[in-house]
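Notes follow once the structure below has been shown.
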Amino acid sequence: MMKKIVMVMLLPTTLVANAYAGTVSDSLRTTLYYRSGYSLLELSYMDNAAKLETLKQGIRSIGDNPNTVLQHVKILSAASPEGNTKLNKRLAKRRGERLRDYLKEMLNLPDSVFTVSSAGEDWEGLALKIQKENAPWSRKALYIIRNTPEWIVRNGKVVDGRKRQLQNLDGGKAWKYMLANHFDSLRSGALVVCEIRHIVPSVSPTDTLTLIQNQQGCEQDSLLQKDARDAASQLQVYPGGNAAETENAAHASGRDSYYALKTNLLYDALLVPNLGIETSIGRGWTLGASGMLAWWSKDASHKYWRIYGGEMEIRKYFGRKAKEKPMQGHHISLYGQFLTYDIENGGIGHQSKKTYGAGMEYGYSLPIGRRLNLDFGLGVGYIKSHYKTYEPKDGCYVYEATRNRTWIGPTRGEVSLVWLLGNGNTNSKKGGKK
Numbered sequence: 000m001m002k003k004i005v006m007v008m009l010l011p012t013t014l015v016a017n018a019y020a021g022t023v024s025d026s027l028r029t030t031l032y033y034r035s036g037y038s039l040l041e042l043s044y045m046d047n048a049a050k051l052e053t054l055k056q057g058i059r060s061i062g063d064n065p066n067t068v069l070q071h072v073k074i075l076s077a078a079s080p081e082g083n084t085k086l087n088k089r090l091a092k093r094r095g096e097r098l099r100d101y102l103k104e105m106l107n108l109p110d111s112v113f114t115v116s117s118a119g120e121d122w123e124g125l126a127l128k129i130q131k132e133n134a135p136w137s138r139k140a141l142y143i144i145r146n147t148p149e150w151i152v153r154n155g156k157v158v159d160g161r162k163r164q165l166q167n168l169d170g171g172k173a174w175k176y177m178l179a180n181h182f183d184s185l186r187s188g189a190l191v192v193c194e195i196r197h198i199v200p201s202v203s204p205t206d207t208l209t210l211i212q213n214q215q216g217c218e219q220d221s222l223l224q225k226d227a228r229d230a231a232s233q234l235q236v237y238p239g240g241n242a243a244e245t246e247n248a249a250h251a252s253g254r255d256s257y258y259a260l261k262t263n264l265l266y267d268a269l270l271v272p273n274l275g276i277e278t279s280i281g282r283g284w285t286l287g288a289s290g291m292l293a294w295w296s297k298d299a300s301h302k303y304w305r306i307y308g309g310e311m312e313i314r315k316y317f318g319r320k321a322k323e324k325p326m327q328g329h330h331i332s333l334y335g336q337f338l339t340y341d342i343e344n345g346g347i348g349h350q351s352k353k354t355y356g357a358g359m360e361y362g363y364s365l366p367i368g369r370r371l372n373l374d375f376g377l378g379v380g381y382i383k384s385h386y387k388t389y390e391p392k393d394g395c396y397v398y399e400a401t402r403n404r405t406w407i408g409p410t411r412g413e414v415s416l417v418w419l420l421g422n423g424n425t426n427s428k429k430g431g432k433k
């Protein structure tokens with residue numbers, strides 16, 4: 000028996016199998032692409048579906064050959080150095096793990112076959128890109144990448160590091176150039192190494208030539224193993240942005256799962272308890288819904304404060320902070336509102352069973368803790384209300400008029416406390432250990 004390494008790298012091709020000798024070529028290759036910040040495969044993105052089908056047929060051809068056994072499937076994943084380092088490393092790890100889960104289900108393979116490794120941030124890949132540049136800062140950038148530690152720690156605190164020096168190089172021009180010409184144009188992939196065990200038939204005197212060829216193949220195997228290790232150490236795997244974003248394997252969307260519970264402190268201050276939920280749907284977009292309920296009354300003094308209703312919202316985050324992680328930074332949104340109310344303070348009361356509106360909001364979500372954000376926003380839009388006025392007289396409530404009211408202007412104010420939920424949905428700490 001002998002072993003041969005088949006590398007599944009970053010160029011598509013086909014598997015060639017010899018049914019008798021069990022020979023497997025070393026050219027089974029594919030590239031799998033991810034959207035920015037995504038950790039699961041999206042089959043509809045680029046040509047992932049076709050490449051996965053080629054990979055599936057190639058690996059199944061190995062299983063169909065009685066003289067070959069698939070021993071291991073090794074996956075090495077990585078992420079671009081752009082963005083938050085901690086999140087990038089987590090993203091790279093998740094890509095490998097979720098690719099393993101997908102291949103395991105697709106090929107019906109056991110967990111024991113897979114080995115998953117994460118290369119973290121692919122600095123060597125960035126260096127290879129910079130080598131092709133003729134910019135005045137290129138040599139300095141290469142020196143920083145290859146000679147500066149990822150983190151420089153003094154007295155237990157991070158005081159400098161590789162990424163910070165690159166961001167400050169040439170007054171920030173070098174990093175801006177990389178953002179414009181490298182990070183946004185690159186996509187990510189994963190290196191998969193399949194280890195195959197070959198079962199060689201018994202050798203008869205007439206098979207001497209075949210045996211000699213197989214022995215020569217053993218020598219080539221060691222070279223292939225070395226090539227696989229070299230390829231893994233120099234893997235260039237890039238996301239199409241950073242770890243912002245991020246996301247549901249059930250429908251193969253490939254996104255990381257981020258969601259949050261929130262309460263608008265302005266409504267709370269007006270004694271209108273409220274609770275909302277927001278969930279990421281990928282690429283900086285989120286969906287949100289909230290409800291409110293206040294049911295305060297004091298019949299003796301004819302005071303009523305009854306409000307209940309809800310809001311729906313679709314939101315888009317943008318800007319530098321939004322690229323580092325979902326659900327933070329600048330955002331704009333479209334929202335709809337519906338509520339009923341009964342308000343009286345000892346005099347004329349107002350009662351509505353149908354008030355609705357819609358508008359657009361601009362805001363900013365500011366991280367204030369590991370799992371807490373403070374979300375500010377101001378919305379402008381349209382509100383229409385159908386309501387009645389009434390007056391308390393002799394223990395009764397006398398309705399006076401039925402009216403309609405419309406309003407165009409500010410229709411929503413928000414200072415929300417946001418509780419971040421989900422694995423990895425945390426804010427990085429500043430000035431501490433990474």
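Quick note: the sequence shown uses numbering that gives the first Met the number 0, first residue 0, plus one each step.
Here a beta-carbon is modelled for each residue, glycine too, at the ideal position from N, C-alpha and C.
Looking at residue i and the ligand FMN, is the gap between the Cβ and the nearest heavy atom below 7 angstroms?
i	result
residue 320	Among the components of this structure there are no ligands whatsoever, and the ligand FMN is therefore not found.
Here's the rule: buried if 16 or more other CB atoms are within 10 angstroms of the residue's CB, otherwise exposed. What is residue i?
i	result
residue 383	exposed
residue 306	buried
residue 111	exposed
residue 283	buried
residue 271	buried
residue 317	exposed
residue 345	exposed
residue 33	buried
residue 63	exposed
residue 81	buried
residue 327	buried
residue 84	buried
residue 347	exposed
residue 192	buried
residue 274	exposed
residue 411	buried
residue 154	exposed
residue 285	buried
residue 314	buried
residue 97	buried
residue 296	exposed
residue 49	exposed
Pick helix, strand or coil for residue i, following the three-state DSSP scheme.
i	result
residue 258	strand
residue 422	coil
residue 374	strand
residue 124	helix
residue 402	strand
residue 246	Below a pLDDT of 50, predicted positions are generally treated as unreliable, and residue 246, at 37, falls in that range; the measurement from the model is reported next regardless. Correct three-state label for residue 246: coil.
residue 292	strand
residue 319	helix
residue 24	Low confidence applies here, because residue 24 scores a pLDDT of 41, under 50, leaving its location unreliable; read the following figure in that light. If DSSP states are grouped into helix, strand and coil, residue 24 belongs with coil.
residue 265	helix
residue 416	strand
residue 282	coil
residue 270	coil
residue 241	Unreliable placement is indicated for residue 241, whose pLDDT of 40 sits below 50; no coordinate value is reported for it.
residue 382	strand
residue 407	strand
residue 391	strand
residue 234	Below a pLDDT of 50, predicted positions are generally treated as unreliable, and residue 234, at 43, falls in that range; the measurement from the model is reported next regardless. Coil, per DSSP.
Taking C-beta to C-beta, are residue i and residue j nearer than 8 angstroms?
i	j	result
residue 88	residue 124	no
residue 262	residue 416	yes
residue 149	residue 163	no
residue 159	residue 136	no
residue 71	residue 29	no
residue 173	residue 140	yes
residue 371	residue 333	no
residue 442	residue 376	Because residue 442 is not part of the residues shown, which for the chain are 0 to 433, the question remains open.
residue 303	residue 421	no
residue 61	residue 99	no
residue 165	residue 151	no
residue 76	residue 117	yes
residue 86	residue 55	no
residue 290	residue 337	no
residue 197	residue 47	no
residue 40	residue 101	yes
residue 414	residue 264	yes
Check the C-beta distance from residue i over to residue j and give it rounded, since I have them as a contact under 8 angstroms.
i	j	result
residue 311	residue 288	5 angstroms
residue 69	residue 195	6 angstroms
residue 361	residue 351	The pair is not a contact, with the Cβ atoms about 28 angstroms apart (cut-off 8 angstroms).
residue 426	residue 378	In fact, because the Cβ distance is near 25 angstroms, the residues do not count as touching under 8 angstroms.
residue 397	residue 386	Not a contact, Cβ separation roughly 16 angstroms.
residue 36	residue 108	With 8 angstroms as the limit, residue 36 and residue 108 do not qualify as a contact, their Cβ atoms being about 28 angstroms apart.
Could you name each continuous alpha helix (DSSP H) segment of 4 residues or more that falls completely within the stretch 327 to 369, going from the start of the chain to the end?
-> none
Identify every run of the alpha helix (DSSP H) within the stretch 129 to 189, keeping only runs that are complete inside it and at least 4 residues long; order them along the chain.
-> 137 to 146, 161 to 167 and 172 to 180
If you scan the stretch 26 to 114 from start to end, which runs of the beta strand (DSSP E) of 3 or more residues do you find wholly inside it?
-> 67 to 78
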